[in-house]
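Chemist: Residue 77 in UniProt numbering sits at position 77 of the sequence shown, with consecutive numbering throughout.
The structure follows.
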Amino acid sequence: MSEEFPGWHGTTIIGVKKGGQVVIAGDGQVSLGQTVIKGTARKVRRISPGGSDVVCGFAGSTADAFTLLERLEAKLESTPGQLARGCVELAKDWRTDKYLQKLEAMLIVSDGAQMFVITGAGDVLEPEHDVTAIGSGGNYALAAARGLIETDLSAEEVARKAMAIAADICVYTNGNLTVETISA
Numbered sequence: 001m002s003e004e005f006p007g008w009h010g011t012t013i014i015g016v017k018k019g020g021q022v023v024i025a026g027d028g029q030v031s032l033g034q035t036v037i038k039g040t041a042r043k044v045r046r047i048s049p050g051g052s053d054v055v056c057g058f059a060g061s062t063a064d065a066f067t068l069l070e071r072l073e074a075k076l077e078s079t080p081g082q083l084a085r086g087c088v089e090l091a092k093d094w095r096t097d098k099y100l101q102k103l104e105a106m107l108i109v110s111d112g113a114q115m116f117v118i119t120g121a122g123d124v125l126e127p128e129h130d131v132t133a134i135g136s137g138g139n140y141a142l143a144a145a146r147g148l149i150e151t152d153l154s155a156e157e158v159a160r161k162a163m164a165i166a167a168d169i170c171v172y173t174n175g176n177l178t179v180e181t182i183s184a
């Protein structure tokens, strides 16, 4: 039987930086093919390497994402207060280590002052317009947030409205949100 495995889908993560705060929000849907497996997954987490707070959101394989979060936490413990450096060190390892190269996930991370997207291609990207998004519905959430960022809405309100719009458009995104806020 050569039937292709349908693959896991689901996850929309958005990061919004505005008014001295960064909000990272993620939906709760995990799908396998055309079936919703879980609607309450928690894909946004707070880690505290070396006593400093960092908020992370992940898209992709959960086990892979947790492996990356553990590695990121270790990098940040060895470079306290240097989020950019820790992210670059993780991306270098991810790109060059044969085991890590197989991991299928993306991360949005923030310490409240900076926000980055980390990819398995070795990219550490700082969003150009203080908004970034990843995952199945990421482009929908990103477009919505870019349209809302210049309004009087707070960072959290922008993130929530953008996620609601993405959930209305993307079948792999639901409205069950986990929202974490961090200040510089």
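Backbone N, C-alpha and C define an ideal beta-carbon position, used for all residues, glycine too.
The structure presented is a predicted model; accordingly, all values stated were derived computationally and were not measured.
#1: If you measure between the beta carbons of isoleucine 14 and alanine 159, is that distance less than 9 Å?
#2: With threonine 12 as the anchor, note down where its beta strand (DSSP E) starts and where it stops.
#3: Where DSSP assigns a beta bridge to glutamine 21, which residues make up the other side?
#4: Measure the CB-CB distance between valine 117 and leucine 107 and report whether it falls below 9 Å.
#5: For the beta strand (DSSP E) that contains residue 244, what are its first and last residues?
#6: Would valine 88 and leucine 72 be called neighbours here (beta carbons separated by less than 9 Å)?
#7: Considering just the uninterrupted stretch of the beta strand (DSSP E) at glycine 135, what are its terminal residues?
#8: In three-state DSSP terms, what is leucine 125?
#9: Can you grab the Cα-Cα spacing for the pair phenylalanine 5 / aspartate 152, in whole Å?
#10: Taking buried to mean at least 16 other C-beta atoms within 10 Å of its own C-beta, is alanine 141 buried or exposed?
#11: Based on Cα-Cα distance, which residue from Leu32, Phe66 and Asp111 lies nearest to glutamine 82?
#12: On a CA-only basis, which of Asn174, Glu156, Arg85 and Leu76 is nearest isoleucine 182? Give me that one, please.
#13: Pick helix, strand or coil for glutamate 4, following the three-state DSSP scheme.
#14: Rounding to the nearest angstrom, what Cα-Cα distance links glycine 137 and glutamate 150 in this structure?
#15: Name the residue from Ala63, Lys17, Gly19 and Ala25 whose alpha carbon lies nearest to the alpha carbon of threonine 173.
#16: Given this structure, state the Cα-to-Cα distance separating glycine 20 from alanine 59, to the nearest angstrom.
#17: If you run the structure through DSSP and keep just helix, strand and coil, what is threonine 173?
Modeler: Answer, in terms of the structure:
#1: Taking the first residue of the sequence shown as position 1, residue 14 is located at position 14. Taking the first residue of the sequence shown as position 1, residue 159 is located at position 159. Yes. Within cutoff.
#2: Along the sequence shown, read from residue 1 onward, the residue named residue 12 stands at position 12. Element bounds for threonine 12: 12-18.
#3: Locating residue 21 in the sequence shown gives position 21, counting from the first residue. When beta bridges are read from the DSSP output, glutamine 21 appears opposite Lys18 and Ser183.
#4: Counting from 1 along the sequence shown, the entry for residue 117 is found at position 117. Counting from 1 along the sequence shown, the entry for residue 107 is found at position 107. Yes.
#5: The displayed coordinates of the chain run from 1 to 184. Any statement about residue 244 would go beyond what the structure contains.
#6: Taking the first residue of the sequence shown as position 1, residue 88 is located at position 88. Taking the first residue of the sequence shown as position 1, residue 72 is located at position 72. No; because the gap between Cβ atoms is not below 9 Å, this pair is not in contact.
#7: For the purposes of this step, residue 135 is taken as the residue at position 135 of the sequence shown. Counting along the chain, the beta strand (DSSP E) containing glycine 135 begins and ends at 131-135.
#8: Against the sequence shown, residue 125 aligns to sequence position 125. Leucine 125 falls in the strand class under three-state DSSP.
#9: For the purposes of this step, residue 5 is taken as the residue at position 5 of the sequence shown. For the purposes of this step, residue 152 is taken as the residue at position 152 of the sequence shown. In this prediction, phenylalanine 5 has a pLDDT of 45, which is less than 50 and means its spatial position is unreliable; nothing more can be read from the coordinates.
#10: As a position in the sequence shown, residue 141 is number 141, starting the count at 1. The residue in question, alanine 141, is buried, as its Cβ has 16 or more Cβ neighbours within 10 Å.
#11: Reading the sequence shown from its first residue, position 82 is the one you call residue 82. Taking only the C-alpha atoms, the option nearest glutamine 82 is Asp111.
#12: Taking the sequence shown and counting its residues from 1, one reaches residue 182 at position 182. Among Asn174, Glu156, Arg85 and Leu76, the Cα nearest to that of isoleucine 182 belongs to Glu156.
#13: Along the sequence shown, one-based indexing puts residue 4 at 4. Residue placement at glutamate 4 is flagged as unreliable, the pLDDT there being 48, under the threshold of 50; the coordinate-derived value follows with that caveat. Glutamate 4: coil per DSSP, three-state reduction.
#14: Here residue 137 is taken as the residue at index 137 of the sequence shown, counted from 1. Here residue 150 is taken as the residue at index 150 of the sequence shown, counted from 1. Cα to Cα, glycine 137 sits roughly 21 Å from glutamate 150.
#15: Along the sequence shown, read from residue 1 onward, the residue named residue 173 stands at position 173. With distances taken between Cα atoms, threonine 173 lies closest to Ala25.
#16: Locating residue 20 in the sequence shown gives position 20, counting from the first residue. Locating residue 59 in the sequence shown gives position 59, counting from the first residue. For the pair glycine 20 and alanine 59, the Cα-to-Cα distance works out to about 25 Å.
#17: Within the sequence shown, the letter at position 173 stands for residue 173. DSSP, reduced to helix, strand and coil, places threonine 173 outside both helices and strands of the structure shown, so it counts as coil.
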